[in-house]
Amino acid sequence: MISIIVPVYNVQDYLHYAMESLIRQTYKNFEVILVNDGSTDNSGELCNWYAENHENVYVFHKKNGGLSDARNFGVEKATSDWIVFLDPDDYFEVDALELLVKIQERYNADLISTKVKSTSTYGDYNSNHIKESDYSNLRVFSKEESLELMFQDKIATVSACAKLYRKSILEKAPFPTGKIYEDFFVVAKHLRLAKRIVISPVVTYHYYRRSGSIVQSQFTDKRFDFFDAGENNRIQIKQFYDGNSVEKALNLKIVRGSFPISEAAASTDTKALRNIVKKVRSFYWSIIFDSKSSVKFKFKYSLFLLFPEFYFKFKNIVRNKGI
Numbered sequence: 533m534i535s536i537i538v539p540v541y542n543v544q545d546y547l548h549y550a551m552e553s554l555i556r557q558t559y560k561n562f563e564v565i566l567v568n569d570g571s572t573d574n575s576g577e578l579c580n581w582y583a584e585n586h587e588n589v590y591v592f593h594k595k596n597g598g599l600s601d602a603r604n605f606g607v608e609k610a611t612s613d614w615i616v617f618l619d620p621d622d623y624f625e626v627d628a629l630e631l632l633v634k635i636q637e638r639y640n641a642d643l644i645s646t647k648v649k650s651t652s653t654y655g656d657y658n659s660n661h662i663k664e665s666d667y668s669n670l671r672v673f674s675k676e677e678s679l680e681l682m683f684q685d686k687i688a689t690v691s692a693c694a695k696l697y698r699k700s701i702l703e704k705a706p707f708p709t710g711k712i713y714e715d716f717f718v719v720a721k722h723l724r725l726a727k728r729i730v731i732s733p734v735v736t737y738h739y740y741r742r743s744g745s746i747v748q749s750q751f752t753d754k755r756f757d758f759f760d761a762g763e764n765n766r767i768q769i770k771q772f773y774d775g776n777s778v779e780k781a782l783n784l785k786i787v788r789g790s791f792p793i794s795e796a797a798a799s800t801d802t803k804a805l806r807n808i809v810k811k812v813r814s815f816y817w818s819i820i821f822d823s824k825s826s827v828k829f830k831f832k833y834s835l836f837l838l839f840p841e842f843y844f845k846f847k848n849i850v851r852n853k854g855i
């Protein structure tokens, strides 16, 4: 059995999409843990309705503590040894759980990562059912390989969603409360606690990009949590990981992630923008001599370091003119 944890906060207009994707799953042996994290809209009532009408759905109401706190609470309440997270405004492919189970059984994996697809619509399901090759042609990855792939944000990401975790991993390394970018904070810890890691390139999870979400909102000092998360990973890498390719991938992840944060700061907080430039400047030679970084990206990064305010003004001009 799998425990699916859905942290809920003020998503009355979106929750039914997430729940519909669970109801439609081809694999049926799962429980849903709805954690109503102090919602002030009708989300709590919706959670109650699902719990009353579906015997495998359970709802818990608590004071608002943030996403990490809600997830950790859900892990405590879960009765299965296997955990999956679903954010309440996202949705699964209908055979997502079936694929995760088949991979776990075949490779005896402790942590499985599948692919996330970003979308601006609901109901964008894949019409193709999973094939044997989707789970038979995979392999076990080392923690170093896995972390590097997740930092690259291609077939895998640092997101806790689209993954199957052995529960003990999450109990030993809970999500940090009071932080944003909580998944980035703990990804290196989670991987080092997993004995067998499998990564699949199959899309199982649809991440719905809606206005007002944390990662798209205006700049606040909380956005500096991203850089704290990066350094948290660096500590883990130096202590528990082999080779320097993982740290190079981390540097690139931090620099790439700094661009949207810097753009949010550019129009409202020039002091914060200068602080961000200072943080990412130290990676300059690592990026410039990294064969995995494109010439275009190296130019973009160099221009940003030299003229950060001009960089975003120029970018906006190009964007507005549709060049």
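Residue numbers (my numbering): 533 to 855.
Idealized CB from N, CA, C, for every residue including glycine.
Residue from the options whose Cα sits closest to the Cα of residue i
i	options	result
Ala-610	Leu-725, Leu-566 and Phe-673	Leu-566
Ala-781	Asp-753, Asn-580, Ala-720 and Ile-729	Ala-720
Ile-534	Asp-613, Gln-636, Gly-597 and Glu-664	Asp-613
Ser-668	Thr-689, Asp-601 and Lys-634	Lys-634
Ala-550	Gly-655, Ser-571, Glu-630 and Phe-751	Gly-655
Thr-709	Ser-600, Gln-557 and Trp-581	Ser-600
Ser-691	Ser-818, Asn-542, Tyr-816 and Ala-761	Ala-761
Gln-750	Pro-706, Gln-768 and Glu-795	Glu-795
Thr-800	Lys-810, Asp-753 and Gln-768	Asp-753
Tyr-859	Leu-643, Gly-598, Val-564 and Phe-605	Look at the range of the chain in this structure, 533 to 855, and you will see that residue 859 is not part of it.
Asn-596	Phe-605, Val-589 and Phe-815	Phe-605
Ser-571	Val-589, Val-543 and Asn-588	Val-543
Asp-857	Ser-665, Met-682 and Tyr-546	There is simply no residue 857 to check, as the chain begins at 533 and stops at 855 in what is shown.
Ala-715	Ala-688, Ile-819 and Phe-829	Note that residue 715 corresponds to Asp in the displayed sequence, not to Ala. Nearest option by C-alpha distance: Ala-688.
Leu-631	Ala-694, Val-589, Phe-756 and Tyr-623	Ala-694
Phe-836	Val-718, Lys-811, Lys-824 and Cys-579	Lys-811
Arg-788	Thr-802, Phe-759 and Ser-700	Phe-759
Ser-834	Val-809, Tyr-740, Ala-726 and Lys-824	Val-809
Range of the contiguous alpha helix (DSSP H) that encloses residue i
i	result
Ile-767	757–772
Leu-723	714–725
Thr-555	One point to set straight first is that residue 555 is Ile, not Thr, in the sequence displayed. That run of the alpha helix (DSSP H) goes 547–555.
Glu-577	575–585
Lys-609	599–609
Asp-666	665–668
DSSP state of residue i mapped onto helix, strand, coil
i	result
Thr-802	helix
Ser-777	helix
Phe-842	helix
Phe-673	strand
Val-591	strand
Ile-615	strand
Lys-832	helix
Pro-792	helix
Val-690	coil
Cβ-based neighbour list, residue i, same chain, cut-off 6 angstroms, excluding 5 preceding and 5 following
i	result
Val-538	Leu-566, Leu-618 and Pro-620
Asn-561	Met-533
Ala-804	Ala-797
Ala-602	Pro-539, Val-567 and Asp-569
Ile-536	Phe-562, Val-564, Val-616 and Leu-618
Close Cβ partners of residue i (< 8 angstroms) along its chain, the five nearest in sequence each way excluded
i	result
Val-735	Glu-625, Thr-646, Lys-647, Val-648, Lys-649 and Asn-658
Val-672	Tyr-639, Ala-641, Arg-728, Ile-729 and Val-730
Gln-771	none
Lys-830	Ile-819 and Ile-820
Where the beta strand (DSSP E) containing residue i begins and where it ends
i	result
Arg-698	695–698
Val-540	534–540
Val-633	Run containing Val-633: none in the beta strand (DSSP E); it sits in the alpha helix (DSSP H), 628–639.
Ile-819	That residue, Ile-819, is in no beta strand (DSSP E); its alpha helix (DSSP H) goes 816–820.
Val-734	729–740
Val-648	643–651
Own chain partners of residue i with C-beta closer than 7 angstroms, once the 5 adjacent residues on each side are dropped
i	result
Gln-684	Ala-781
Glu-703	Val-607
Ile-746	Because the pLDDT at Ile-746 is just 48, under 50, the model does not fix this residue reliably, and the point stays unresolved.
Gly-576	Asn-568 and His-593
Arg-742	Asp-621
Those residues which DSSP pairs with residue i across a bridge
i	result
Asp-622	None, per the DSSP bridge assignment.
Glu-563	Ser-535
Asp-569	Lys-594
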